[in-house]
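Below is one structure; the comments refer to it alone.
In UniProt numbering, the protein residues as written are 1 to 118.
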């Protein structure tokens, strides 16, 4: 009886991992499509990146005017973010990496999440 339950549990886990692999492929495809769409549909909207330093010494603090470093184009930056997410999903679905991912998930650890977020 216990052996039958163990085999059933292992079978359920294998089925779950197969679904997870498909899920990662689907989500990678969605993120890739979103990245491409945003890149083509975005306009030239950008935001300035500035610096602002305090000058002077003790007792003589002065505020320097903000200095613009560059304009950051928002559309391409969002597209790059989504593309990186798509790459992460596709990597997790690839044969060698998926085995590592599956082994760690079986141990209750998800290193891939931390690598992707970093």
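Even glycine gets a Cβ: it sits at the ideal position worked out from N, Cα and C.
For residue i, the three-state DSSP class (helix, strand or coil)
i	result
residue 94	coil
residue 63	strand
residue 57	coil
residue 70	strand
residue 42	coil
Short Cβ contact (7 angstroms threshold) for residue i with residue j
i	j	result
residue 151	residue 101	Residue coverage of the chain in this structure runs from 1 to 118, which leaves residue 151 outside it and unanswerable.
residue 157	residue 42	Because residue 157 is not part of the residues shown, which for the chain are 1 to 118, the question remains open.
residue 25	residue 86	no
residue 115	residue 104	no
Buried versus exposed call for residue i [16 or more other C-beta atoms within 10 Å across all chains shown]
i	result
residue 28	buried
residue 82	buried
Presumed contact (8 angstroms Cβ cut-off) between residue i and residue j, rounded CB distance
i	j	result
residue 49	residue 69	5 angstroms
residue 66	residue 44	At roughly 22 angstroms, the Cβ-Cβ gap does not stay under 8 angstroms, so residue 66 and residue 44 are not in contact.
> Per the contact definition of three or more C-beta pairs closer than 8 angstroms, is the segment 74-88 in contact with the segment 55-64?
Replying inline: no
>> Three or more C-beta pairs under 8 angstroms: does that hold for the segment 10-26 against the segment 36-43?
In response: no
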